[in-house]
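Numbering (my numbering), first residue to last: 1390 to 1694.
Where a beta carbon is used, it is the ideal one built from N, C-alpha and C, also for glycine.
Notes follow the structure.
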């Protein structure tokens, strides 16, 4: 065979290998083509790791391991909430391409959760008797371990092979575990954090809204913009209640003080108001999308009549 023929054969083999690998890359779609949406979200997912690595490299903090434990745990919580929000946003905003990044966000949450666990082990110098005792006796550790275990199971089954093994309905029922995993992660977050409850209240409100929306969808209840606008104040009130409960039991601050801050804006916008704005924005997006959607032929004929 000639040299040109050898080069052509080698290039063909390389193209076949790359075509098999391409769909598995985090920035490509199922066909192996680069997706701008996935590229953007991949950069977002990597940004916290880059930030933590940069701070570690600068070595300006007294305890870098504690810093990574804290940051990785918080980002794991944020990304699991983001993953939960993808399906509702896809339906409400009619952006089907968002489904491309749901698995990425879930796996990113799992990644930061594993980093969180590893650096926690490092901070305890891999003292396994002490670590095991804490897992069995400290509620904030127990909830964290269970949440991460559930996320590991979800991560291992987040592939097409698992869908075929469990069946579509079985796989969906299994991945409903993302909700209890998120709630347990939040409980771990609440029990571990003793003073600042703003982000806890904000994430609690968002998770509550997502659970309510998913339950309404599953039971075929109305989920139109009027309904979403109606439940928005209820979710906001629940968020304020969770904020008051956290500060009452974690720091001893009276509920009236937190209520006063919510009413007077003395320290800026409280989490309940941000949750209310987010819920109303979701309803507004649905209204705009419905107005922009082309009319169906039957509706167009009735309108002309």
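Taking all protein chains shown into account, do 16 or more other C-beta atoms lie within 10 angstroms of the C-beta of residue i, making it buried, or fewer, making it exposed?
i            : result
residue 1660 : buried
residue 1693 : Low local confidence applies: a pLDDT of 38 at residue 1693 is under 50, so the model's placement there is unreliable, with the coordinate-based value given in what follows. It is exposed - the Cβ of residue 1693 has fewer than 16 other Cβ atoms within 10 Å.
residue 1494 : buried
residue 1543 : buried
residue 1440 : exposed
residue 1613 : exposed
residue 1471 : buried
residue 1427 : buried
residue 1474 : buried
residue 1571 : buried
residue 1675 : buried
residue 1469 : buried
residue 1567 : buried
The alpha helix (DSSP H) that contains residue i, what's its start and end?
i            : result
residue 1463 : 1453-1481
residue 1604 : 1587-1607
residue 1551 : 1549-1563
residue 1492 : 1491-1512
residue 1637 : 1614-1639
residue 1576 : 1567-1581
residue 1536 : 1528-1545
Nearest by alpha-carbon distance to residue i: which of the options is it?
i            : options                   : result
residue 1535 : 1517, 1558 and 1574       : 1574
residue 1592 : 1429, 1467 and 1446       : 1467
residue 1504 : 1530, 1537, 1474 and 1627 : 1537
residue 1497 : 1508, 1644, 1434 and 1458 : 1434
residue 1667 : 1618, 1654, 1678 and 1650 : 1618
residue 1452 : 1513, 1604 and 1641       : 1513
residue 1663 : 1418, 1632 and 1519       : 1632
residue 1458 : 1596, 1507, 1472 and 1622 : 1507
residue 1429 : 1469, 1489 and 1446       : 1489
residue 1635 : 1679, 1580 and 1567       : 1580
residue 1670 : 1615, 1431 and 1658       : 1615
residue 1640 : 1657, 1621, 1675 and 1585 : 1585
Pull the bridge partners of residue i from the DSSP assignment, please.
i            : result
residue 1417 : 1423
residue 1657 : 1655
Report back the beta-carbon spacing between residue i and residue j to the nearest angstrom; my notes put them in contact at under 8 angstroms.
i            : j            : result
residue 1624 : residue 1601 : 7 angstroms
residue 1478 : residue 1487 : 6 angstroms
residue 1501 : residue 1464 : 5 angstroms
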